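Under the numbering used here, the residue at position 140 of the sequence shown is numbered 134, and the numbers go up by one with no gaps.
Idealized CB from N, CA, C, for every residue including glycine.
If you're wondering where the values come from, they're calculated on a predicted model, not measured in any experiment.
Read through the structure below, which is laid out as structure tokens, and then see the notes.
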Amino acid sequence: MTRYKAEMRWLSVGLFLLLAVSIGLGLYFRASWLWMDEVLSYVLISDPSLVHLNDALVSGLDANPPLFFNVYWPIGHYISLNPLFLRLISVVLFSGTIVVFFWYTTRLIGNGFINFVLISVMVYTTYQNFVHSTGIRSYAILLPISCAYFISMHRLINRPSNIRLLTAHTVLGLLLAFCHNYGAFYLAVSGAFFFILLLWSKDRTYWLVLSTFGIIALVWLVIWYPSFVIQSDAGKPHSWIPLPTVSSFFSNFGDLIPAVPIRISWLPPSLGLDVLRVVLVVGLYLYIAIPGIKTGYGAIRQNEAFQFFLLSGFVYLGVIIVALLVSLTYTSVFISRYMWPSQLLIMYQLVYTYYYFAGQQRIAPRLAYFLPLYALLIGSVIFYKVWKMESSFRSSLLTYLPKQQEQYPVFVERADYFLPIWYHKEQPNVSFMLDWKNANRPNNLLSTTTDYKILQSLADKYHVKGLVPSDTFNATHFSHFYVVDEKAIYQIEDYIKRGQVKVIRELPIDIPGHRLLECMFLKSDQVPNASQLLHTN
């Protein structure tokens, strides 16, 4: 036992250093662009007043509960507001979470050395990990809270009346609910899991577990629901997330599953690997789970590893189904990054599946000496992957923006461009027009209404320069300007069509669906009347 504890201690430290150092170094050498959501997070975290931060948060600057911002605010203000430092905090939290997951998995099933290899490979082959573990977003604390919550759920299966476990479950459930809106989905599915256990086992002590969900719901309703209603206004009249399709379903589900980056020649590139890995993972779960369930509740209660296997599949599949139903009946929320915690459950399923087919294996002591070499290899490829990751912000756009005439404003048509350019001060006169009429135009890009409401809140709460109300967009203020016009977004076309804006020239820009226009705003006496426009057309 002493030797086992020593091995687990060294393996845990090694796994933490492997992930923290390789991801941290890759992040250090990577381009430092903050993408749209990170800029919003940084603006809130850097607010001198915590009270004002929470007021601005509710105004629509972010669509999630306040826990992340209230955790990172003191870290930023009492240690450092350097964006790289805040990102490294996220890396440390991610690495620590994977270590806890590794420790708990090995406690249930398998060999520490084999699990070290299996889990580190799956971390490397799940791209979502490196997107969210290096960002200044609520996902940084969502994953560790979810991991702790899943463990508390599992331990309650055999001890549903344990006061300490019930208290921990309630506290962790509240943290989950106040961290991300998807926390409600995880809690709802978890409640359904325990309700099924209650019916199956006829053990009335499971009512104690179910009562904790009632406490969590009551606290959330009293404290956060009024703010949630205000925040949800940013998602009206529609969500920025497209409605799920067959392709997007498999793509988003597939993002949560480890995968080798290969293409299947006889299937469309966008669907091939995603369909195969989703079918494989769900099929393996059902193949193992159904015979195990048939052994009865009593047998399952004696097998903690299989309990966690059942729980894992039920929760991640349940959350996907709930998200799909909400998206198809209310508002679209089906996107893989919101379901990132599910990848922990999928990883456990795959580890369990490995031992189900391979059996409990012992590793030869001499093979353990190769583990440092393996760690160096996997650490190197993780470092390279993080280093070469492209930001969600398309920074190549900056090479096309005018440099010689910086006195003229450059309008962009989406927040994804405006916020990073504004934050990094790459274009002194970058501007965004707050034009609700065109943003809400039918068939416009879905995100235009959300962009408008977020940036309107940013203008109201932080008075950001460059956010231009449509009623001030005129010849007096903008006689000469540039526009990065996007084919998918209808905005400047409206002013050109009405003859208020004249295009002087179109500059070359090698980005599909984009064009850079040099424009002038016509004075009222220069604007053609309706008959002239009709004649021109």
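Within its own chain, the residues whose Cβ lies closer than 7 Å to the Cβ of A228, once the five positions on either side in sequence are excluded, are G54, A57, T444, K447 and I448, listed in chain order. In the three-state DSSP reduction, L501 falls in the strand class (E or B).
When the Cα atoms are used, L270 and S321 turn out to be separated by approximately 24 Å.
Contact between the segment 416 to 427 and the segment 201 to 213 is absent: fewer than 3 CB-CB pairs across the two stretches fall below 8 Å. Within the same chain, T119, L267 and R271 come within 7 Å of A253 by CB-CB distance, once the 5 residues on both sides are set aside.
L338 and F95 have their C-alpha atoms spaced approximately 8 Å apart. When DSSP assignments are scanned along the segment 333 to 373, the uninterrupted stretches of alpha helix (DSSP H) that are 4 or more residues long and fall wholly within it turn out to be 336 to 352. Contact check for W334 and L34: beta-carbon distance about 19 Å, past the 8 Å limit, so the pair fails to qualify.
Per the coordinates, the alpha-carbon of S84 lies some 24 Å from the alpha-carbon of V45. P463 sits in a strand when the DSSP states are folded into three classes.
Residue pairing by DSSP places V477 opposite F405 and L511 in a beta bridge.
With at least 16 other beta carbons inside 10 angstroms of its own, V117 counts as buried.
Selection A25, A134, F23 and Y368 evaluated against V65 yields A134 as nearest (Cα-Cα). Contact between the segment 150 to 170 and the segment 190 to 203 is present, with at least three C-beta pairs closer than 8 Å. DSSP places M427 outside any alpha helix (DSSP H); the residue lies instead in the beta strand (DSSP E), whose first and last residues are V424 to L428. The beta carbon of G70 lies closer than 7 Å to those of I39, S40 and L80 in the same chain, with the five residues before and after it left out. Rounded to whole angstroms, the Cβ separation of W97 and M2 is 7 Å, and the two are in contact under 8 Å. When the beta-carbon positions are compared, N48 and P60 come within less than 8 Å of each other. Note on W214: 16 or more other CB atoms within 10 angstroms of its CB, so buried under the neighbour-count rule. CA-CA distance, A409 to K517, rounds to 28 Å. For the pair L265 and S241, the CB atoms are nearer than the 8 Å cut-off. Relative to the Cα of Y121, the nearest Cα in the group L274, F10, F377 and P506 belongs to F377. By the 16-neighbour rule on beta-carbons within 10 angstroms, G292 is exposed. Beta-bridge partners assigned by DSSP to V495: F515.
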